[in-house]
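Structure, as structure tokens:
In the numbering used here, the protein residues as written are 365 to 524.
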């Protein structure tokens, strides 16, 4: 793809792509990185976009890249959790998990509790949770994000 075409696409679609990324990720810098990565990929690749499909392709790319980053973060968190579970401080971890469960039960809504349980106890993915709750994947992500933020704020208030 020619550089001028990519510059035109950037000027024409950047703001909308950034809004979509922010809606999914809730992180300004991550959103900018996602959009930049997409345009960088267009510069490197020999992708030909058909006229009239450019916007759809770019917005779909943003969505897919955001979901990929969320999955990567979840996998990293699971790996970190598995690594810490193997340390001698496992008893302290059990106490912390008990505290977290008590917090979840006393501070989160019933729907957030169900979603939290499906995700972290049952290991369901976002599609499975969305189907079980009758909501969208984005709604699942929002509920989990809210629950995790509340847990972080409650147990690590100095990190605010």
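Using N, Cα and C, we set each Cβ at its ideal position, and we do this for glycine too.
Inset, instruction - Could you give the DSSP three-state label for residue 486: helix, strand or coil? - result: As a working note, residue 486 is residue 122 in the chain shown. If DSSP states are grouped into helix, strand and coil, residue 486 belongs with coil.
Inset, instruction - Could you give the DSSP three-state label for residue 500: helix, strand or coil? - result: Position 136 of the chain shown, counted from the start, is the residue given in the question as residue 500. Of the three classes helix, strand and coil, the one that applies to residue 500 here is coil, per DSSP.
Inset, instruction - Use the C-beta contact count for residue 461: other C-beta atoms within 10 angstroms, 16 or more gives buried, fewer gives exposed. - result: The residue given as residue 461 occupies position 97 in the chain shown. Result: exposed.
Legend entry - C-alpha gap between residue 524 and residue 417, whole angstroms: Looking up residue 524 in the chain shown gives position 160. Looking up residue 417 in the chain shown gives position 53. Low confidence applies to residue 524: its pLDDT is 48, below 50, so where it sits in the model is not reliable, and the reading given next is rough at best. Answer to the nearest angstrom: the Cα atoms are 42 Å apart.
Inset, instruction - Along the alpha helix (DSSP H) that carries residue 366, what are the first and last residues, could you check? - result: If you number the chain shown from 1, residue 366 lands on position 2. Counting along the chain, no alpha helix (DSSP H) covers residue 366, and no H or E run does either.
Legend entry - The alpha helix (DSSP H) enclosing residue 397, as first and last residue numbers: Position 33 of the chain shown, counting from 1, holds the residue named residue 397. Its alpha helix (DSSP H) spans residues 392–408.
Legend entry - Three-pair Cβ contact test at 8 Å for the segment 395–410 versus the segment 379–387: yes
Legend entry - Distance, residue 422 Cα to residue 483 Cα: Walking along the chain shown from the start, residue 483 turns up at place 119. Walking along the chain shown from the start, residue 422 turns up at place 58. Using only the alpha carbons, I get a separation of about 30 Å.
Legend entry - Other residues of its chain near residue 491: CB distance less than 7 Å, five sequence neighbours each side excluded: By 1-based counting over the chain shown, the position of residue 491 is 127. Cβ within range, chain order: 501.
Legend entry - Coil, strand or helix - residue 415 by DSSP: The sequence position of residue 415 within the chain shown is 51, counting from 1. DSSP places residue 415 in coil when its eight states are reduced to three.
Inset, instruction - Report all residues from its chain with a CB closer than 8 Å to the CB of residue 471; omit the five preceding and five following residues, and keep chain order. - result: For this step, residue 471 is matched to residue 107 along the chain shown. 514 and 518, listed in sequence order.
Legend entry - Spatially closest choice to residue 474 from 374, 387, 497 and 433, by CA coordinates: What you label residue 474 is simply residue 110 of the chain shown in a count that begins at 1. Residue 497 is the option with its Cα nearest to residue 474.
Inset, instruction - Give a yes or no on whether 8 Å exceeds the smallest Cβ distance from residue 387 to chain C. - result: Any reference to chain C falls outside this structure, which holds one protein chain only.
Inset, instruction - Find out if the Cβ-Cβ distance for the pair residue 480, residue 508 is shorter than 8 Å. - result: Here the question's residue 480 lines up with position 116 in the chain shown. Here the question's residue 508 lines up with position 144 in the chain shown. In this structure, residue 508 lies closer than 8 Å to residue 480 by Cβ.
Inset, instruction - Give a yes or no on contact between the segment 397–411 and the segment 425–436, applying the rule of three or more CB pairs nearer than 8 Å. - result: yes
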